[in-house]
């Protein structure tokens, strides 16, 4: 067939192209530009090539050491909150009522933490954990526990993890609840007739049917926790010492605190790449899970 | 193996205090023979699924008892009733293979591994599932999945009855016939009581030796397909079964005669004692009314349309305002719009307030 060639069609793409250019491409290229230069202020820039990247990826340098340390903290933080929030969310969803006014009540209570702005969440926990006026900090100290998130790194970590669990378990629970609601009654009835135990119902029906929502929950929670900034910044400011300094906090320190634009730019590019790779892996996994369900030849 | 007795069984989803007319299942008492093939037939919302769920124990009755071989099982849970149920949509366990699906009920009951494998192989053979045993069950077609659901019931050696809740809804039409024949063959081979819920009369009449017709929470008639066809006990059975359904005509009945629009039709029995004030109707299947050319002795009607079903032709006619269907004998050609209707007196039934009246000899 003869293809109609009409170059005017490009004009139709132009507005979107302009929009994307200003929202993504231009800022990204600016960062790329910074990442290959060094500056000493006064808007004077010097070519540095891939120097920052070399430093960044070499753990023996001061810059690289800081990067790897905070990357490790990020990964540990994400792993911990996922390990807590996913099972806890499933548990909450499983124990939620199935009908009546209690459903609405539960949904509202669960949704509340999700509606609070992140810096407010941070402030709430910052005050909540204080040993002089905070309910949690005061109570723990009154019980004889020496809890102080300002000076003790372990306490700081526990506080931040508790805060994230409080803030985001609802999201996992709501997603799982939606997944559970979509299971037809016949499955439970059949399992009942088949004599399945509660555990067998969970592993044979509920968990497989929740697989897709769990994947989404996992993805969202990983991305969010990996990019966490506001809450720990408000609560601990990255301290005590550097013990809760995540990549995002490190980045802000470099770029705005030390005005090391080159280093910060190189770090953001690598940070961004890590996020992209994780996205890609999840996307691949998810589409494969979808393909697995497509009907194949069969029948008896 | 069990005979199932229902003793004054009734159910209301609003609880026992609800208005009796609103009950999903009005009180019934009946017996299901061991090894019988039953169909529960009725329109949507007539209570047939409720009855099925009461028997399987998924729903607890508001009233009455269920007995298996004389033992009261009403308080027992589904697991302890030796009942298998196949649902409208195939239920399979996604993560398991076909073999694991079939083994699931046995595993839950703690059967030894060796025994499970034997049973699964046996049932797979019976259902032609052997080639698929190692496959993931999710990847199979709807009819294979439905066979797996059935297999999970058959695999249990102690199963007394299998209940089917419209099991062919999601099956392709050309496979429906095949699966139904399979069910019939299984029933013959296994001596199991089977209860089959459907709203499709063809399915009911081809599957069951006893068809139980329900309407509005009540059993209106239970009998063989032939009884339902030839002698419907309720006008609802008359027009629900058969295609086209029975003609139900308001009539004046006196002794051995019925009058329709002033035209007399003779009856084989005497109907002297009809209940006073009841709505009297006669019911005749289209198969037992012949449509021919008009004659003075026949009821005259206006021909509206001829439906040619291939094997048989039906004339859709009108007597006054009343529509009815009659068959056209082979070789008869109707010309014009006037036809005469000849009734076969042996198959004219009299109904008072929709219930069949047995005349006296």
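Protein chains in written order, with the numbering used here: chain A, 1364 to 1663; chain B, 182 to 542. Idealized CB from N, CA, C, for every residue including glycine.
Please list the partners that residue i has in chain B, where partner means a Cβ-to-Cβ separation under 7 Å.
i: residue 1558 of chain A; result: 260, 286, 289 and 290
Let me check understanding here. Comparing Cα to Cα, which of the options lies closest to residue i?
i: residue 436 of chain B; options: B:220, B:538, B:251 and B:241; result: B:538
i: residue 1552 of chain A; options: B:358, B:274 and B:281; result: B:274
i: residue 1622 of chain A; options: A:1489, A:1400, A:1385 and A:1377; result: A:1400
i: residue 341 of chain B; options: B:396, B:186 and B:384; result: B:186
i: residue 315 of chain B; options: B:429, B:284, B:324 and B:425; result: B:284
i: residue 293 of chain B; options: B:225, B:413, B:337 and B:457; result: B:337
i: residue 269 of chain B; options: B:215, B:279, B:379 and B:280; result: B:379
i: residue 291 of chain B; options: A:1557, A:1646 and A:1418; result: A:1557
i: residue 343 of chain B; options: B:349, B:307 and B:333; result: B:333
i: residue 487 of chain B; options: B:404, B:209, B:241 and B:499; result: B:499
Mapping the DSSP letters down to three states, classify residue i as helix, strand or coil.
i: residue 1663 of chain A; result: With a pLDDT of only 35 at residue 1663 of chain A, under 50, the local geometry of the prediction cannot be trusted, and no value is derived from it.
i: residue 1657 of chain A; result: Confidence at residue 1657 of chain A is low in this model, with a pLDDT of 44, below 50, so the placement of that residue should be treated as unreliable; the coordinate-derived value is given next. Coil.
i: residue 1523 of chain A; result: helix
i: residue 336 of chain B; result: coil
i: residue 459 of chain B; result: coil
i: residue 1431 of chain A; result: helix
i: residue 522 of chain B; result: strand
i: residue 1379 of chain A; result: helix
i: residue 1651 of chain A; result: helix
i: residue 1410 of chain A; result: strand
i: residue 1460 of chain A; result: coil
i: residue 1465 of chain A; result: helix
i: residue 402 of chain B; result: strand
i: residue 341 of chain B; result: coil
Please tell me whether residue i has its Cβ less than 8 Å away from any Cβ of chain B.
i: residue 1552 of chain A; result: yes
i: residue 1546 of chain A; result: no
i: residue 1568 of chain A; result: yes
i: residue 1629 of chain A; result: no
i: residue 1571 of chain A; result: yes
i: residue 1541 of chain A; result: no
i: residue 1663 of chain A; result: Residue confidence for residue 1663 of chain A is low, a pLDDT of 35 falling below 50, so the modelled location carries little weight; the figure read from the coordinates is stated next. By this cut-off, residue 1663 of chain A is an interface position.
i: residue 1563 of chain A; result: yes
i: residue 1659 of chain A; result: Reliability fails at residue 1659 of chain A, whose pLDDT of 41 lies under 50, so the model's placement of it is uncertain and no value is given.
i: residue 1650 of chain A; result: no
i: residue 1656 of chain A; result: In this predicted model, residue 1656 of chain A has a pLDDT of only 49, less than 50, meaning its place in the structure is not dependable enough to derive any value.
Between the beta-carbon of residue i and the beta-carbon of residue j, is there less than 8 Å?
i: residue 1613 of chain A; j: residue 1526 of chain A; result: no
i: residue 1426 of chain A; j: residue 1572 of chain A; result: no
i: residue 193 of chain B; j: residue 205 of chain B; result: yes
i: residue 384 of chain B; j: residue 432 of chain B; result: no
i: residue 1597 of chain A; j: residue 1482 of chain A; result: yes
i: residue 445 of chain B; j: residue 471 of chain B; result: no
i: residue 1589 of chain A; j: residue 1369 of chain A; result: no
i: residue 455 of chain B; j: residue 533 of chain B; result: yes
i: residue 1473 of chain A; j: residue 1537 of chain A; result: yes
i: residue 218 of chain B; j: residue 271 of chain B; result: no
i: residue 221 of chain B; j: residue 393 of chain B; result: yes
i: residue 479 of chain B; j: residue 522 of chain B; result: yes
Can you find a CB in chain A that lies within less than 8 Å of the CB of residue i?
i: residue 339 of chain B; result: no
i: residue 265 of chain B; result: yes
i: residue 417 of chain B; result: no
i: residue 184 of chain B; result: no
i: residue 237 of chain B; result: yes
i: residue 361 of chain B; result: no
i: residue 375 of chain B; result: no
i: residue 379 of chain B; result: no
i: residue 471 of chain B; result: no
i: residue 333 of chain B; result: yes
i: residue 345 of chain B; result: no
i: residue 268 of chain B; result: yes
i: residue 276 of chain B; result: yes
Which bits of chain A does residue i rub up against, with CB to CB less than 7 Å?
i: residue 272 of chain B; result: 1549, 1550 and 1553
Closer than 9 Å by beta-carbon distance: list the chain A residues that pair up with residue i, in chain order.
i: residue 255 of chain B; result: Going along chain A, no residue has its Cβ under 9 Å from residue 255 of chain B, so there is no contact; the nearest lies around 17 Å.
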